[in-house]
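Chains as they are written, first to last, in numbering that gives the first Met the number 0: chain A, 0 to 142; chain B, 0 to 350; chain C, 0 to 375.
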Amino acid sequence: MKDSAPRIWRMRNNLYRIRYSKCKACGASFYPARASCIRCSSRDVEVRVSLGLGTLVEYTVLYQVPARMQDNAPMVIGVVRLDEGFELYGVIVDADIKDLRKGMRVEAVLRRLRVDGSSGLITYGIKFRPVIGAAHGEGSGRG
Amino acid sequence: MSAKPQAGIMGWGAYIPLYRLRASEIARIWGYDDSVVKSLWIEEKAVGGVDEDTITIGWEASRYALMRAKIDPGEVGAVFVGTESKPYAVKPSATIIAEALGIPPQKLASDLEFACRAASEAMRISVGLIASGMIKASLVIGADTAQASPGDVLEFTASSGGAAFVIGDPSNSVAIIEDSYSYITDTPDFWRREGFPYPEHGEAFTGEPAYFSHIMNAVKGLLDKSGLRISDFDYVIFHQPNGKFPLQVGSKLGVPREKILPGIVTPYVGNTYNGSALLGLARVLDMAKPGSRILLAPFGSGAGSDAFSILVLDRIEERRALAPTVDEMIKRKSYIPYGEYVKVRRKIVKA
Amino acid sequence: MIRNVFINAGSAVEIDRHFDKGFKALALEAFRRLESSYGSVEPDTLVISSMAPESMSEQIGIAGVIADHLALRRLKVFRVEMGEASGLAAILTAYSLVSSGLSKGVLVIGVEKVSEYPVSLIAKVYSMIGDSDYTGLYGISPASEAAILAKIYMDRYGYSYEDLFKWPVLMHKNAVKNPHAQLRFMLKSDSYKDSPIISEPLRLLDAYPFGDGASALYISSMPGDTAVEISGVGSSNDSCDAISREDPLFFRSVRESFDDALRMAGIGRDRVKYIEIHDSYTPYAYIVLESLGLVERGDAPRKISMESSSIDTTYVNISGGLKARGHPWGATGIYQTYEVFRSLLGEAELSDSYGAVQSMNGPGSQSYSVIMRRVR
Numbered sequence: 000m001k002d003s004a005p006r007i008w009r010m011r012n013n014l015y016r017i018r019y020s021k022c023k024a025c026g027a028s029f030y031p032a033r034a035s036c037i038r039c040s041s042r043d044v045e046v047r048v049s050l051g052l053g054t055l056v057e058y059t060v061l062y063q064v065p066a067r068m069q070d071n072a073p074m075v076i077g078v079v080r081l082d083e084g085f086e087l088y089g090v091i092v093d094a095d096i097k098d099l100r101k102g103m104r105v106e107a108v109l110r111r112l113r114v115d116g117s118s119g120l121i122t123y124g125i126k127f128r129p130v131i132g133a134a135h136g137e138g139s140g141r142g
Numbered sequence: 000m001s002a003k004p005q006a007g008i009m010g011w012g013a014y015i016p017l018y019r020l021r022a023s024e025i026a027r028i029w030g031y032d033d034s035v036v037k038s039l040w041i042e043e044k045a046v047g048g049v050d051e052d053t054i055t056i057g058w059e060a061s062r063y064a065l066m067r068a069k070i071d072p073g074e075v076g077a078v079f080v081g082t083e084s085k086p087y088a089v090k091p092s093a094t095i096i097a098e099a100l101g102i103p104p105q106k107l108a109s110d111l112e113f114a115c116r117a118a119s120e121a122m123r124i125s126v127g128l129i130a131s132g133m134i135k136a137s138l139v140i141g142a143d144t145a146q147a148s149p150g151d152v153l154e155f156t157a158s159s160g161g162a163a164f165v166i167g168d169p170s171n172s173v174a175i176i177e178d179s180y181s182y183i184t185d186t187p188d189f190w191r192r193e194g195f196p197y198p199e200h201g202e203a204f205t206g207e208p209a210y211f212s213h214i215m216n217a218v219k220g221l222l223d224k225s226g227l228r229i230s231d232f233d234y235v236i237f238h239q240p241n242g243k244f245p246l247q248v249g250s251k252l253g254v255p256r257e258k259i260l261p262g263i264v265t266p267y268v269g270n271t272y273n274g275s276a277l278l279g280l281a282r283v284l285d286m287a288k289p290g291s292r293i294l295l296a297p298f299g300s301g302a303g304s305d306a307f308s309i310l311v312l313d314r315i316e317e318r319r320a321l322a323p324t325v326d327e328m329i330k331r332k333s334y335i336p337y338g339e340y341v342k343v344r345r346k347i348v349k350a
Numbered sequence: 000m001i002r003n004v005f006i007n008a009g010s011a012v013e014i015d016r017h018f019d020k021g022f023k024a025l026a027l028e029a030f031r032r033l034e035s036s037y038g039s040v041e042p043d044t045l046v047i048s049s050m051a052p053e054s055m056s057e058q059i060g061i062a063g064v065i066a067d068h069l070a071l072r073r074l075k076v077f078r079v080e081m082g083e084a085s086g087l088a089a090i091l092t093a094y095s096l097v098s099s100g101l102s103k104g105v106l107v108i109g110v111e112k113v114s115e116y117p118v119s120l121i122a123k124v125y126s127m128i129g130d131s132d133y134t135g136l137y138g139i140s141p142a143s144e145a146a147i148l149a150k151i152y153m154d155r156y157g158y159s160y161e162d163l164f165k166w167p168v169l170m171h172k173n174a175v176k177n178p179h180a181q182l183r184f185m186l187k188s189d190s191y192k193d194s195p196i197i198s199e200p201l202r203l204l205d206a207y208p209f210g211d212g213a214s215a216l217y218i219s220s221m222p223g224d225t226a227v228e229i230s231g232v233g234s235s236n237d238s239c240d241a242i243s244r245e246d247p248l249f250f251r252s253v254r255e256s257f258d259d260a261l262r263m264a265g266i267g268r269d270r271v272k273y274i275e276i277h278d279s280y281t282p283y284a285y286i287v288l289e290s291l292g293l294v295e296r297g298d299a300p301r302k303i304s305m306e307s308s309s310i311d312t313t314y315v316n317i318s319g320g321l322k323a324r325g326h327p328w329g330a331t332g333i334y335q336t337y338e339v340f341r342s343l344l345g346e347a348e349l350s351d352s353y354g355a356v357q358s359m360n361g362p363g364s365q366s367y368s369v370i371m372r373r374v375r
């Protein structure tokens with residue numbers, strides 16, 4: 000099945016940045032964004048955009064990579080704790096497996112998620128990689 | 000100076016992928032003598048990862064440029080991507096990068112193609128757009144995942160990387176674009192046909208009638224137009240298909256080596272095509288003191304060259320630390336063997 | 000009026016790579032075996048549980064196609080799909096149809112064709128059980144999530160990988176005695192050393208095998224000569240991913256669904272003498288046992304021994320579990336329920352006690368529990 004152009008178009012805001020929910024009632028932040036708070040059930044939640052800087056909390060090296068992602072094998076799948084105070088699963092790139100460690104600072108970057116053959120669409124989205132140099136500026140995921 | 004400055008560089012950003020392939024590894028695989036590598040002055044080249052392309056490289060460089068420019072993406076009125084390795088033959092890279100950076104729809108956005116100098120032309124276009132008052136700021140991106148036929152001498156240098164610049168209000172800039180000049184002819188020194196993955200080139204023909212003639216004419220045109228002399232410049236940056244050519248053209252123009260060397264990046268990261276001279280500019284902006292004057296002369300096959308006179312302002316000091324430097328990215332590296340290179344650069348035909 | 004609900008009969012087809020059988024042939028085989036063991040049934044309702052026939056067999060409306068193939072007519076026909084938990088969700092559906100009086104006799108068939116494609120494609124389809132926009136699209140597979148939870152578990156409770164590997168060894172030992180199990184061979188305690196890593200630290204032997212299967216149950220309002228009564232059912236849900244929860248090592252929906260089923264049955268968990276749990280990956284066995292409240296948090300690997308299939312006085316996964324009996328996705332819950340049904344009828348030791356089934360989709364993203372006991 001070909002990748003759907005409407006789906007990729009519709010999802011672009013969620014693919015190109017990390018949109019999470021912040022509960023105004025209890026203060027919880029969580030990902031992915033949801034209509035109500037997953038902690039206190041308040042409907043008073045707002046969607047925010049993360050600056051994309053965080054810490055690697057846990058990770059695994061995935062060898063049984065699903066179809067259409069096999070050029071990426073092995074993939075590092077991590078749990079990233081964003082500085083805004085929520086955790087998510089993310090693909091970690093540009094890190095030598097032997098250099099991976101918990102507590103490593105990572106930042107959100109735009110990468111190819113998958114490619115639809117040689118004539119279909121290319122889907123871009125957020126992955127994470129170790130921060131380059133010292134911690135610079137305000138991070139990514141702007142606007 | 001000839002005219003009142005009308006546009007400046009508000010921010011700059013560079014991106015060099017993590018992976019490196021040593022020139023000696025390519026020579027070993029394809030049976031080149033070491034002297035070939037030495038004659039090109041190329042040590043290693045940057046290789047984009049399996050999930051990287053011109054769009055992701057352009058996004059990275061742009062993000063850093065916007066951080067240094069300290070402007071809201073909403074103020075960017077144009078996004079130009081100079082590249083000869085578009086992920087889509089039809090569908091702009093600029094729209095994807097702009098959307099991902101949060102630049103709103105009220106803008107110009109195009110991919111420009113003129114071999115290695117499309118982004119350079121985008122700079123001149125941007126100066127015009129800003130000077131005319133049409134837009135407030137322009138994002139100019141030079142990025143490539145440069146193609147080279149396996150085994151071709153081009154493979155020693157063709158690399159991945161890019162640079163981006165926010166061109167805009169001179170009163171909020173880190174450097175002023177004082178003047179510029181272009182020189183363009185029909186010269187078939189290097190080309191790639193539609194639908195074919197690798198370029199072809201005229202070997203020695205890419206030198207004198209192409210690279211050297213166009214850069215020298217552009218630089219001389221700029222000097223004549225502006226009244227400036229080579230000695231007025233503290234840094235001189237040329238397009239750098241290898242390490243040797245920029246030194247040779249500098250010698251012909253009477254530029255001392257020490258003014259050229261700070262802007263030379265190709266021996267360490269390869270020729271990033273549209274990013275080539277612009278990465279050199281980014282590296283010079285990383286170090287130049289306020290008051291320095293920079294001569295920038297990119298070249299693109301086909302063929303043409305632009306020459307720019309750029310004056311560095313005091314504001315540059317406060318913007319440098321806002322994003323990683325070119326040297327930080329040159330030092331960040333991981334060596335890969337030739338086999339991994341052909342995999343990640345998609346040179347293996349799969350079902 | 001709420002009617003009592005009974006399981007009258009059941010069957011299971013050997014789980015295997017049935018390259019020679021499609022879903023219709025597998026469903027028919029399960030139906031024939033059910034009738035040959037029990038006699039002919041006259042269902043007024045057919046409920047099919049199947050997870051991914053669209054992806055694996057290019058089939059929508061699979062229940063209608065199976066009904067036609069079995070030449071059953073004048074039926075209410077449904078397909079129930081809740082990912083890996085489809086089977087037990089189908090049992091809850093059948094339960095509510097019978098207890099409400101809408102149906103008198105429900106034929107439930109769980110059927111799945113898994114081994115139609117190369118492993119990478121099967122892994123991709125299985126990756127759709129979560130929130131695809133969040134995980135599947137990025138290549139974040141269920142195996143990688145299980146691996147991350149395993150590492151958090153080992154880190155928090157101080158276990159090594161070898162400590163966790165007891166579970167697959169025990170499951171393989173149990174499966175040898177199960178005639179319809181897919182992996183009927185013993186493992187040595189260090190077999191993992193030759194097993195390829197699928198997502199570090201988990202190896203192929205920590206994951207369920209890919210196989211096809213079909214299992215059937217006849218559920219009705221009539222107890223007949225011998226029957227098992229469904230005494231309690233429960234269901235609950237949680238986030239699709241485990242990491243956004245307050246504690247990723249506690250599957251809240253598993254506890255809630257089990258507590259609901261126990262409450263409905265009017266018993267404490269100590270009355271459950273046999274349970275089949277959802278152990279798609281080694282760490283999930285331990286997390287599920289702890290979430291069910293059968294062992295203390297962090298104690299499960301210590302409580303499991305390679306010699307015995309019981310925790311205290313409760314038998315766990317006599318079948319070999321998803322790990323070794325197999326996990327033909329949408330059919331699994333039917334297999335589990337059939338196994339408990341068969342044991343309650345056949346094992347004298349269990350004749351006066353309760354059996355239970357726990358099923359879930361993903362890491363406790365959606366959960367179902369069923370409690371049953373022999374009544375005749």
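The C-beta atom is built at its ideal place from N, Cα and C for all residues, glycine as well.
Presumed contact (8 Å Cβ cut-off) between residue i and residue j, rounded CB distance
i, j, result
"C/P195", "C/L203", "5 Å"
"A/E86", "C/I242", "5 Å"
"C/G233", "C/F257", "6 Å"
"B/A6", "B/I166", "6 Å"
"C/I333", "C/G109", "3 Å"
Close beta carbons around residue i, own chain, < 8 Å, minus the five adjacent residues each side
i, result
"A/R11", "none"
"C/A376", "Outside the modelled stretch of chain C, which goes from 0 to 375, sits residue 376 of chain C, for which no answer is possible."
"C/D259", "G231, V232, G233, S234, S235, S368"
Three-state secondary structure (DSSP) of residue i
i, result
"C/Q365", "strand"
"C/D224", "coil"
"C/M81", "strand"
"B/K346", "coil"
"C/D205", "helix"
"A/A27", "coil"
"C/A180", "coil"
"B/S212", "helix"
"A/I37", "coil"
"C/L136", "helix"
"B/Y267", "helix"
"B/R67", "helix"
Cβ shell of residue i (< 7 Å), same chain only, five flanking positions each side left out
i, result
"C/V46", "F77, V79, A89, T92, A93, V105, V107"
"B/E317", "none"
Proximity test, Cβ basis, 8 Å: residue i and chain B
i, result
"A/F127", "no"
"A/L81", "no"
"A/G77", "no"
is_contact[residue i, chain A] using C-beta, thresh 8 Å
i, result
"B/L111", "no"
"B/G249", "no"
"C/I6", "no"
"C/I218", "no"
Any chain C beta carbon closer than 8 Å to residue i
i, result
"A/Y123", "no"
"A/N12", "no"
"A/V60", "yes"
Classification of residue i by the beta-carbon crowding that lies within 10 angstroms, buried from 16 upward
i, result
"A/V46", "exposed"
"A/M103", "buried"
"A/I96", "exposed"
"C/D211", "buried"
Own chain residues within Cβ distance below 6 Å of residue i, not counting five before or after
i, result
"B/F204", "D188"
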